[in-house]
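Letter by letter, the sequence shown follows residues 2 to 257 of our numbering.
Think of the CB as a built atom: it goes at the ideal place given N, C-alpha and C, for glycine as much as any other residue.
Note that the coordinates shown come from a computational prediction; the quantities given were computed from them, not determined experimentally.
Below is one structure, written out as structure tokens; the observations come after it.
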Amino acid sequence: MNNYNNSPYKEIPEELKNDYTMGGKIPVFDWYADSSKKEGVEWNEALIREYVRRFTPANIKVNREGPSPYGPEVCKNLLMAFESNNIINKNVAVVGSETPWIEAVLINLQNKVTTIEYNVPNCEYNNLQCRDYFEFFEKNSNTFDAIITFSSIEHSGLGRYGDPLDPNGDIKAMECVHANLVDNGLVIWGAPVGKDALSWNVHRVYGENRLPLVFSKFEELQWYGRNKEDLLSQPLADRGYQPVVVLRKTVVKKGF
């Protein structure tokens, strides 16, 4: 039995296409990348200190944080979500992180931060630890007050980052997020939203078919950047705008 661990794959295995496209509902675009980290990732103290120096709330509010992967609008949207929902002095996790810019914002808000990654960075810094997705996150529960995942979930299960192929990897990742949160814990979520699409193997675009599946265990509280209705009405494309969405963990009440 193939466990599809030999990622990245340039093409979707034929026997998985139906599941990846939800029975043909999701069109596929060609867009390949190998972002697996074979030699490890180093987050030394000097690197993190520089991010913490730059990504203060004061700097972000006046566009002085300097270069960031997604630009000043996303920084402001994330900061508004953190401050509006009191993600301050909490135990939080960041799921999926190539550079510690989100971690820096959270550290500046006095949070204790854990980064969750497939390719775990080597890191030693006060209030920041890094843990393995498969060895820690999949086996953990009821730990974090809030979990931030920005531009991460849409990659889960596509193999781009060296993870095993799994057509439902993104849904399973959100189930892990749900399990790791305390009751009524918050998720700050970002991923491309538009018409449903799969750009193999780079990312998914979430639309009317797949977005409800990744949000199925959460209550939507706020959208920052652009509203949901506007994004879902955009033309089909191989990419999409990434809003910042605040979700709350829903808890199924047990009967007597």
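**Prompt:** When DSSP labels each residue in this structure, what does Tyr207 get in the three-state scheme?
**Reply:** The residue you call residue 207 lines up with position 206 of the sequence shown. DSSP places Tyr207 in strand when its eight states are reduced to three.
**Request:** Leaving out five residues on either side along the sequence, give the residues of the same chain with a beta carbon under 6 Å from the beta carbon of Asn112.
**Result:** Stepping through the sequence shown from its first residue, residue 112 is reached at position 111. For Asn112, where only same-chain residues beyond five positions count, the Cβ hits under 6 Å are Lys91 and Val93.
**Item:** Near the ligand NAD: Leu232 beta-carbon under 7 Å from a heavy atom
**Value:** You won't find the ligand NAD in this model; it holds no ligand whatsoever.
**Message:** Taking the straight line between their C-alpha atoms, what separation do you get for Asn185 and Thr251?
**Reply:** Position 184 of the sequence shown holds residue 185. Position 250 of the sequence shown holds residue 251. Looking at the two C-alpha atoms, the distance is approximately 6 Å.
**Prompt:** With distances taken from CA atoms, which of Val114, Asn6, Leu48 and Lys77 is nearest Asn60?
**Reply:** For this step, residue 60 is matched to residue 59 along the sequence shown. It is Lys77.
**Distance, Gly195 Cα to Leu237 Cα** = Position 236 of the sequence shown, counted from the first residue, corresponds to residue 237. Position 194 of the sequence shown, counted from the first residue, corresponds to residue 195. Answer to the nearest angstrom: the Cα atoms are 7 Å apart.
**Asked** Which stretch, first to last residue, makes up the beta strand (DSSP E) that contains Asn120?
**Response** Locating residue 120 in the sequence shown gives position 119, where the first residue counts as 1. It is not in any beta strand (DSSP E) - Asn120 carries neither H nor E in the DSSP assignment.
**Prompt:** What separation, rounded to the nearest whole angstrom, lies between the Cα atoms of Pro73 and Lys62?
**Reply:** To locate residue 73, count along the sequence shown from 1; it is residue 72. To locate residue 62, count along the sequence shown from 1; it is residue 61. Cα to Cα, the separation comes out at about 9 Å.
**Prompt:** With DSSP run on the structure shown, which of helix, strand or coil describes Gly186?
**Reply:** Counted from its first residue, the sequence shown places residue 186 at position 185. In the structure shown, Gly186 sits in a strand (DSSP, three-state: E or B).
**Request:** Would you tell me roughly how many angstroms separate the C-alpha atoms of Asp171 and Ser142, rounded to the nearest one?
**Result:** Looking up residue 171 in the sequence shown gives position 170. Looking up residue 142 in the sequence shown gives position 141. One C-alpha to the other measures close to 18 Å.
**Asked** Who are Cys124's beta bridge partners in DSSP?
**Response** Here residue 124 refers to the residue found at position 123 of the sequence shown. Answer by DSSP bridge pairing, in chain order: Trp44.
**Message:** Tell me the residue span of the alpha helix (DSSP H) that contains Leu172.
**Reply:** Sequence index remark: in the sequence shown, residue 172 carries index 171 (1-based). Looking at the sequence itself, residue 172 is Ile, so the reference to Leu does not match. Gly170 to Asn181 is the span of the alpha helix (DSSP H), which, as asked, contains Ile172.
**Item:** Three-state secondary structure (DSSP) of Met2
**Value:** Stepping through the sequence shown from its first residue, residue 2 is reached at position 1. Below a pLDDT of 50, predicted positions are generally treated as unreliable, and Met2, at 47, falls in that range; the measurement from the model is reported next regardless. Note: Met2 maps to coil in three-state DSSP.
**Asked** Using 8 Å as the threshold, is the segment 26-41 in touch with the segment 153-171, meaning 3 or more CB pairs across them?
**Response** yes
**Asked** Can you tell me the Cα-Cα spacing of Ala82 and Phe219, whole angstroms?
**Response** Position 81 of the sequence shown holds residue 82. Position 218 of the sequence shown holds residue 219. Rounded to whole angstroms, Ala82 to Phe219 spans 16 Å at the Cα level.
**Item:** Proximity below 8 Å, CB of Phe30 to CB of Ala198
**Value:** Reading the sequence shown from its first residue, position 29 is the one you call residue 30. Reading the sequence shown from its first residue, position 197 is the one you call residue 198. Cβ distance < 8 Å, so Phe30 and Ala198 count as in contact.
**Asked** Using DSSP with H/G/I as helix, E/B as strand and the rest coil, what is Glu220?
**Response** Looking up residue 220 in the sequence shown gives position 219. In the structure shown, Glu220 sits in a strand (DSSP, three-state: E or B).
**Host beta strand (DSSP E) of Ala238 (start-end)** = Mapped onto the sequence shown, residue 238 falls at position 237. Counting along the chain, Ala238 falls outside any beta strand (DSSP E), and DSSP gives it neither H nor E.
**Asked** Does the distance from the C-beta atom of Leu182 to that of Gly208 stay below 8 Å?
**Response** Start at 1 with the first residue of the sequence shown, and residue 182 comes out as number 181. Start at 1 with the first residue of the sequence shown, and residue 208 comes out as number 207. No, the pair does not count as a contact, with Cβ atoms beyond the cut-off.
**Request:** In angstroms with no decimal places, state the Cα-to-Cα distance between Ile108 and Val114.
**Result:** For the purposes of this step, residue 108 is taken as residue 107 along the sequence shown, with counting starting at 1. For the purposes of this step, residue 114 is taken as residue 113 along the sequence shown, with counting starting at 1. In a straight line, the C-alpha of Ile108 is about 7 Å away from that of Val114.
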